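Okay, so the sequence shown: first residue is -3 according to this note's numbering, each after it adds one.
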Amino acid sequence: MKQSIRRADQFNLQSLAVITNALADLEIVNPTLLTIVKQILLNKIDKKALTHDGQPLISGDKPEVSTVDCAMFMTAFSRAQFFSDPALQESLIACFIERLSEADGPTTVTLLQAYGEWVHHMIDETLVKKKQPRRFYHAFCKYNDQVLLHVLRHLISNADEINARGCIMMLMHGRLWAHKKRDNMRMMKDFAVRAIGCLARERDSLGDLFEQYCVQYYDLSKQFCLKEVDIKHLQRAFQDSLHIDVAKLQFELDPLKSTRISEPKPESDSLDRLLQAKKEKMSSIEEAYNAVLSEEEDDSIETSEQQPQLSNAR
-3 MKQSIRRADQ
7 FNLQSLAVIT
17 NALADLEIVN
27 PTLLTIVKQI
37 LLNKIDKKAL
47 THDGQPLISG
57 DKPEVSTVDC
67 AMFMTAFSRA
77 QFFSDPALQE
87 SLIACFIERL
97 SEADGPTTVT
107 LLQAYGEWVH
117 HMIDETLVKK
127 KQPRRFYHAF
137 CKYNDQVLLH
147 VLRHLISNAD
157 EINARGCIMM
167 LMHGRLWAHK
177 KRDNMRMMKD
187 FAVRAIGCLA
197 RERDSLGDLF
207 EQYCVQYYDL
217 SKQFCLKEVD
227 IKHLQRAFQD
237 SLHIDVAKLQ
247 FELDPLKSTR
257 ISEPKPESDS
267 LDRLLQAKKE
277 KMSSIEEAYN
287 AVLSEEEDDS
297 IETSEQQPQL
307 SNAR
């Protein structure tokens, strides 16, 4: 750890990404190392940074950091809950969007999962704990809409590369980052329909848990359907890809509705425990978020800026 801190400025960005992500994976949080890495990143990728004589510090069209490195840095700082400077996350996402064509499906999922943690933090700070004024949340919503406009389209086009675990995690995080905006909800619905093929590809590996995963996937996807015709479209996609009637299957597996004798369920795997932990973590945030939305139902936020900057909003 001491060597990493002392030699942090000598590593390239790829090495720093591997080091910080590995430490975060081991649940080792060192504020000194994260602060040094943050400053190194901002000096190399923050296009608004200036030298001592007022000249732009960054030159060139594309940043040095790759999409994989962006995803690893975002994951490391999100796991450590290091959200003190929004310019860091904003710069990493801007670099990722500039090289978006180079990112594959799993890399996009990794970044969006870390981005979802940042969204949860912003909602918690502005709507639950109320440490920031409400206008900061509105500015973040505008920024969020522009990020999703680019990244979700890329995610939809690469949905065939994502496994079932990644798709379900995207649907869970989408509950909050969509902010109940109709455009975001439609894109999440399109992703849910396109990504159903992940269940078909992993049908054999899921085994006895396949039906439970189908119902879980359907429950998470249905919340993005704005009209009845969207639900019919989702059900038809299940029928075409998996050859199952997911509505009937949902009824049969619901213990409160079904009269079928319940069979003992096989032991759940790590994904079920992860989903349960995510739901418990998001419950309090969602309650406060839905309460604010019900108060401001008539207030619509329009996304007029093409590249909003959170640092200006502050």
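From the three backbone atoms N, C-alpha and C, an ideal C-beta is built for every residue, glycine too.
The structure displayed is predicted, hence computed values, not measured ones.
Cα-Cα separation between residue i and residue j, rounded to whole angstroms
i	j	result
glycine 203	isoleucine 152	27 Å
serine 264	isoleucine 32	With a pLDDT of 46 at serine 264, under the threshold of 50, the modelled position of this residue cannot be trusted; read the value that follows with caution. Taking the straight line joining both Cα atoms gives about 41 Å.
leucine 172	aspartate 186	17 Å
arginine 256	methionine -3	Interpretation of arginine 256 is limited by its pLDDT of 41, a score under 50 that renders its predicted location unreliable; no figure is taken from the coordinates.
glutamine 246	isoleucine 15	44 Å
asparagine 154	alanine 13	24 Å
alanine 99	threonine 63	6 Å
lysine 40	glutamate 94	15 Å
arginine 199	isoleucine 1	46 Å
serine 237	methionine 184	18 Å
methionine 181	cysteine 221	7 Å
alanine 20	glutamine 219	32 Å
alanine 309	phenylalanine 132	Because alanine 309 carries a pLDDT of 44, less than 50, the predicted location of this residue cannot be relied on, and the following value inherits that uncertainty. Distance between the alpha carbons of alanine 309 and phenylalanine 132: 7 Å.
asparagine 8	isoleucine 240	50 Å
asparagine 17	isoleucine 89	17 Å
histidine 48	isoleucine 158	No answer about histidine 48 holds up, because its pLDDT of 44 lies below 50 and its placement is not dependable.
lysine 223	glutamine 208	25 Å
aspartate 120	glycine 112	12 Å
leucine 96	histidine 150	8 Å
Extent of the continuous alpha helix (DSSP H) run through residue i
i	result
serine 97	Careful: serine 97 lies outside any alpha helix (DSSP H) and carries neither H nor E.
glutamine 208	206 to 218
valine 64	63 to 75
glutamine 246	242 to 249
valine 225	224 to 238
valine 14	9 to 21
cysteine 221	Neither: cysteine 221 is in no alpha helix (DSSP H) and is coded neither H nor E.
arginine 182	178 to 190
serine 80	Where serine 80 is concerned, there is no enclosing alpha helix (DSSP H), given that its DSSP letter is neither H nor E.
valine 33	27 to 41
valine -1	Residue identity differs from the one stated: residue -1 is glutamine in this sequence, not valine. Looking at the DSSP string, the run of the alpha helix (DSSP H) that includes glutamine -1 is -2 to 2.
glycine 193	193 to 197
Which listed residue (the options) has its alpha carbon closest to that of residue i
i	options	result
tyrosine 213	Leu29, Arg190, Glu224, Cys137	Arg190
methionine 165	Glu23, Glu98, Thr104	Thr104
proline 102	Leu123, Val147, Ala83, His134	Val147
histidine 117	Asn39, Arg149, Arg75	Arg75
tyrosine 139	Ala20, Leu9, Gln85, Ile1	Gln85
lysine 177	Ala160, Gly193, His134	His134
histidine 83	Leu96, Asp42, Ala110	Looking at the sequence itself, residue 83 is alanine, so the reference to histidine does not match. It is Asp42 whose Cα lies nearest to the Cα of alanine 83.
lysine 34	Ala18, Phe79, Met183	Phe79
alanine 160	His150, Phe69, Cys194	Cys194
alanine 188	Ser201, Gln231, Glu121, Tyr111	Gln231
valine 115	Ser11, Val225, Asp250, Asp141	Asp141
serine 11	Asp65, Glu248, Ser87	Asp65
leucine 38	Lys125, Asp81, Glu248, Arg149	Asp81
arginine 197	Thr28, Cys163, Phe69	Cys163
8 Å contact criterion, which residue i and residue j should meet: CB distance rounded
i	j	result
alanine 67	leucine 107	4 Å
cysteine 137	histidine 175	6 Å
alanine 233	isoleucine 192	5 Å
isoleucine 24	aspartate 5	Rounded, the Cβ-Cβ distance is 20 Å, inconsistent with contact.
leucine 167	leucine 216	4 Å
glutamine 109	histidine 169	6 Å
is_contact[residue i, chain B] using C-beta, thresh 8 Å
i	result
lysine 126	The structure shown contains no chain B, having only a single protein chain.
ask   = At what residue ranges does the stretch 103 to 163 contain a whole run of the beta strand (DSSP E), taking only runs of 3 or more?
value = DSSP assignment within the stretch 103 to 163 yields no whole beta strand (DSSP E) run of 3 residues or more.
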